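Engineer: Per the working numbering, the sequence shown starts with residue 120, numbered consecutively.
Mind looking over this structure? Questions follow.
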Amino acid sequence: GCIVLCLVKLNRILEVDTANLTMTVEPGVLTQTIADSAMSAGLFYPPDPGSIKISTIGGNVANNSGGLRGLKYGVTRDYVMALDVALVDGRNLKTGTKCAKDVAGFSLRDLFIGSEGTLGVITKITLKLIPPPETKATMLGLFDRMTDAARTISAIIEARIIPCTLEFLDRTTVTCVEDYAHIGLPTDVEALTLMEVDGHPAQVAEAADEIEKIARAHCARDVRRAGSDDEARQLASARRTAFSALARRAPTVILEDVTVPRSQLAAMVAAVESIAEEHDVEVGTFGHMGDGNLHPTFLTDERDEQQMHRVEAALKQVFETAVELGGTITGEHGVGLAKKPFLPGALGDVPLDVMRSLKGVFDPDGILNPGKIFD
Numbered sequence: 120g121c122i123v124l125c126l127v128k129l130n131r132i133l134e135v136d137t138a139n140l141t142m143t144v145e146p147g148v149l150t151q152t153i154a155d156s157a158m159s160a161g162l163f164y165p166p167d168p169g170s171i172k173i174s175t176i177g178g179n180v181a182n183n184s185g186g187l188r189g190l191k192y193g194v195t196r197d198y199v200m201a202l203d204v205a206l207v208d209g210r211n212l213k214t215g216t217k218c219a220k221d222v223a224g225f226s227l228r229d230l231f232i233g234s235e236g237t238l239g240v241i242t243k244i245t246l247k248l249i250p251p252p253e254t255k256a257t258m259l260g261l262f263d264r265m266t267d268a269a270r271t272i273s274a275i276i277e278a279r280i281i282p283c284t285l286e287f288l289d290r291t292t293v294t295c296v297e298d299y300a301h302i303g304l305p306t307d308v309e310a311l312t313l314m315e316v317d318g319h320p321a322q323v324a325e326a327a328d329e330i331e332k333i334a335r336a337h338c339a340r341d342v343r344r345a346g347s348d349d350e351a352r353q354l355a356s357a358r359r360t361a362f363s364a365l366a367r368r369a370p371t372v373i374l375e376d377v378t379v380p381r382s383q384l385a386a387m388v389a390a391v392e393s394i395a396e397e398h399d400v401e402v403g404t405f406g407h408m409g410d411g412n413l414h415p416t417f418l419t420d421e422r423d424e425q426q427m428h429r430v431e432a433a434l435k436q437v438f439e440t441a442v443e444l445g446g447t448i449t450g451e452h453g454v455g456l457a458k459k460p461f462l463p464g465a466l467g468d469v470p471l472d473v474m475r476s477l478k479g480v481f482d483p484d485g486i487l488n489p490g491k492i493f494d
């Protein structure tokens, strides 16, 4: 038997502290609610996972979730200032403060961020907020080759431009999104990039012009700029609806999450395409290309045993390729059960031994989320 611990009713915003630019919340608060509450106070909570409307902040912290704005603003870890954690022995651990600087002892807070519920139960979270950007510009790049889109992303970063959003959708994903959301996307492109810059108006205008030049220099068929906030939201929805759109394509959808150095993006995109062809499986690829994070999404049917064997072989090859290119098997979705077999190849023995030792300190009987990450 087991106990399933559900924290969704711990859903209060306890404090918005505009003097210290912090928000203290319980773990069941939706991420979108946090973003909206910050905005109501004239502040900004940047992490925006694709699941922002349905994911809770406790889940975000446990997974160290990223999001579309991760390239410029970072991930959940960068905004967690303090945690209250219920330990397995019944003690309540308070770690971190509202202070901008705090190096008193080990950063125990960081052990729990991304630990997937294996070390303790997070019961309260203090988040950092920042002033919002003054303005933004949203652009769509259309490409006839996926590798040109990937090289464009790398070139933008190499030019020392840091957009807040730099996203990628391949042809399969674009077609599914347009069929699902009717945004007006061209379905004859091989790849689409969503590019957004924010900040001071003059800097935004300059960066947008430079990004358009770079995209066209890398064979973009066209670069479209949103003329209004409504159009910008519509373009952004192309990326936010990607998984939902792909999920309508096949009975079984397996969303993956590999990350490579940005200089290896073109190689990874080409590898995913080649692996899918080699194993005769359908894959739609999208993701946060600005930080090297791709989501190859396998469209299959778990009732077809032969097809699932091919998918498993392709997945293994995708993970191995990411590691060979200097990357990792997960950028933001975590290890859980599905990626557990691939973790030794990604990390090696010593990191896993250290993690097991830490698990033994916090949870000697192995009762917290048992079997996740490692055995």
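The beta-carbon is built from N, C-alpha and C at its ideal position, and this holds for glycine as well.
Please read these numbers as outputs of a predicted model, since none were measured by experiment.
Can the beta-carbon of Val127 be found closer than 8 Å to that of Ser156?
Structural biologist: Numbered from 1 along the sequence shown, position 8 holds the residue referred to as residue 127. Numbered from 1 along the sequence shown, position 37 holds the residue referred to as residue 156. Not a contact, by the Cβ cut-off of 8 Å.
Engineer: Comparing C-alpha positions only, which one of Asp376, Leu261, Ile176 sits nearest to His337?
Structural biologist: The residue labelled residue 337 in the question sits at position 218 within the sequence shown. Among Asp376, Leu261, Ile176, the Cα nearest to that of His337 belongs to Leu261.
Engineer: Quick check: Ser174 and Thr152, are their CB atoms within less than 8 Å of each other?
Structural biologist: The residue you call residue 174 lines up with position 55 of the sequence shown. The residue you call residue 152 lines up with position 33 of the sequence shown. No. Outside cutoff.
Engineer: Grab the span of the beta strand (DSSP E) containing Thr242 for me, first residue to last.
Structural biologist: The residue labelled residue 242 in the question sits at position 123 within the sequence shown. It spans 240 to 247 - the beta strand (DSSP E) in which Thr242 sits, taken as one unbroken run.
Engineer: What separation, rounded to the nearest whole angstrom, lies between the Cα atoms of Asp494 and Glu451?
Structural biologist: Your numbering for residue 494 matches position 375 in the sequence shown. Your numbering for residue 451 matches position 332 in the sequence shown. Answer to the nearest angstrom: the Cα atoms are 21 Å apart.
Engineer: Kindly give me the distance between the Cβ atoms of Phe417 and Ala361, rounded to whole angstroms, as I take these residues to be in contact under 8 Å.
Structural biologist: Numbered from 1 along the sequence shown, position 298 holds the residue referred to as residue 417. Numbered from 1 along the sequence shown, position 242 holds the residue referred to as residue 361. The C-beta distance from Phe417 to Ala361 rounds to 14 Å, too long to meet the 8 Å contact threshold.
Engineer: Can you tell which of Glu375, Asp167, Gly411, Glu396 has its C-alpha closest to the C-alpha of Ala385?
Structural biologist: To locate residue 385, count along the sequence shown from 1; it is residue 266. Among Glu375, Asp167, Gly411, Glu396, the Cα nearest to that of Ala385 belongs to Gly411.
Engineer: Can the beta-carbon of Gly403 be found less than 8 Å from the beta-carbon of Leu365?
Structural biologist: The sequence position of residue 403 within the sequence shown is 284, counting from 1. The sequence position of residue 365 within the sequence shown is 246, counting from 1. Cβ distance < 8 Å, so Gly403 and Leu365 count as in contact.
Engineer: Please classify Ser184: is it buried, with 16 or more other beta-carbons within 10 angstroms of its beta-carbon, or exposed?
Structural biologist: Stepping through the sequence shown from its first residue, residue 184 is reached at position 65. Classification for Ser184: buried.
Engineer: Going by DSSP, name the residue or residues bridged to Phe417.
Structural biologist: Walking along the sequence shown from the start, residue 417 turns up at place 298. For Phe417, which the question treats as bridged, DSSP gives the partners Ile373, Val402.
Engineer: Who are the Cβ neighbours of Asp482 in its own chain at under 6 Å, not counting the five residues just before and after it?
Structural biologist: The sequence position of residue 482 within the sequence shown is 363, counting from 1. Cβ within range, chain order: Val207.
Engineer: Could you please give me the residues that DSSP links to Lys213 through a beta bridge?
Structural biologist: What you label residue 213 is simply residue 94 of the sequence shown in a count that begins at 1. DSSP, once it has assigned bridges, lists Asp203 as partnering Lys213.
Engineer: Any idea which residues DSSP pairs Leu149 with across the strands?
Structural biologist: For the purposes of this step, residue 149 is identified with residue 30 of the sequence shown, where counting begins at 1. Paired residue(s): Thr175.
Engineer: Nearest by alpha-carbon distance to Glu375: which of Ala457, Glu309, Asp420, Asp423 is it?
Structural biologist: Here residue 375 refers to the residue found at position 256 when the sequence shown is read from its first residue. Residue Ala457 is the option with its Cα nearest to Glu375.
Engineer: Do the region 239 to 257 and the region 312 to 325 meet, that is, are 3 or more Cβ pairs less than 8 Å apart?
Structural biologist: yes
Engineer: Distance check for Thr449 and Val377, CA to CA, integer angstroms please.
Structural biologist: The count along the sequence shown starts at 1 and reaches residue 377 at position 258. The count along the sequence shown starts at 1 and reaches residue 449 at position 330. About 5 Å.
Engineer: Of the residues Leu202, Leu248, Gln425, which one's Cα is nearest the Cα of Gly161?
Structural biologist: The sequence position of residue 161 within the sequence shown is 42, counting from 1. Of the candidates Leu202, Leu248, Gln425, the one whose C-alpha sits nearest the C-alpha of Gly161 is Leu248.
Engineer: Since I believe Ile280 is in contact with Ala326 (beta carbons under 8 Å), could you give me their beta-carbon distance rounded to a whole number of angstroms?
Structural biologist: Reading the sequence shown from its first residue, position 207 is the one you call residue 326. Reading the sequence shown from its first residue, position 161 is the one you call residue 280. About 5 Å separates the two Cβ atoms, so the contact holds.
Engineer: Taking its Cβ as the centre, do 16 or more other Cβ atoms sit within 10 Å of Gln383, making it buried, or is it exposed?
Structural biologist: Numbered from its first residue, the sequence shown carries residue 383 at position 264. Classification for Gln383: buried.
Engineer: Buried or exposed for Arg358, going by 16 or more other Cβ atoms inside 10 Å?
Structural biologist: By 1-based counting over the sequence shown, the position of residue 358 is 239. Arg358 should be labelled buried.
Engineer: Check whether the region 222 to 238 and the region 185 to 200 are in contact - that is, three or more C-beta pairs closer than 8 Å.
Structural biologist: yes
Engineer: I'd like to know whether the C-beta atoms of Tyr299 and Ser393 end up nearer to each other than 8 Å.
Structural biologist: Within the sequence shown, residue 299 is the residue found at index 180, counting from 1. Within the sequence shown, residue 393 is the residue found at index 274, counting from 1. Result no, Cβ atoms of Tyr299 and Ser393 do not sit closer than 8 Å.
Engineer: If you draw a straight line from the C-alpha of Pro252 to the C-alpha of Asp399, how long is it?
Structural biologist: To locate residue 252, count along the sequence shown from 1; it is residue 133. To locate residue 399, count along the sequence shown from 1; it is residue 280. Each residue's alpha carbon lies about 45 Å from the other.
Engineer: Provide the residue span of the alpha helix (DSSP H) that contains Asp410, from first to last.
Structural biologist: If you number the sequence shown from 1, residue 410 lands on position 291. Looking at the DSSP string, Asp410 is not in any alpha helix (DSSP H), and its letter there is neither H nor E.
Engineer: Report the start-end ranges of each alpha helix (DSSP H) in the region 282 to 307 that is 4 residues or longer and not cut off at the edges.
Structural biologist: 290 to 300
Engineer: Quick one: grab the DSSP three-state call for Leu133.
Structural biologist: Here residue 133 refers to the residue found at position 14 of the sequence shown. Strand at Leu133.
Engineer: Can you tell me whether Glu439 is helix, strand or coil according to DSSP?
Structural biologist: Taking the sequence shown and counting its residues from 1, one reaches residue 439 at position 320. DSSP places Glu439 in helix when its eight states are reduced to three.
Engineer: Would you kindly report the start and end of the unbroken beta strand (DSSP E) that includes Val123?
Structural biologist: For the purposes of this step, residue 123 is identified with residue 4 of the sequence shown, where counting begins at 1. Careful: Val123 lies outside any beta strand (DSSP E) and carries neither H nor E.
Engineer: Take Ala154 and list the residues in its own chain whose beta-carbon comes closer than 6 Å to its own, dropping the five residues that flank it on each side.
Structural biologist: Start at 1 with the first residue of the sequence shown, and residue 154 comes out as number 35. Result list for Ala154: Tyr164, in chain order.
Engineer: Just checking: is the beta-carbon of Gly185 within a distance shorter than 8 Å of some beta-carbon in chain B?
Structural biologist: You won't find chain B in this structure, because it holds only one protein chain.
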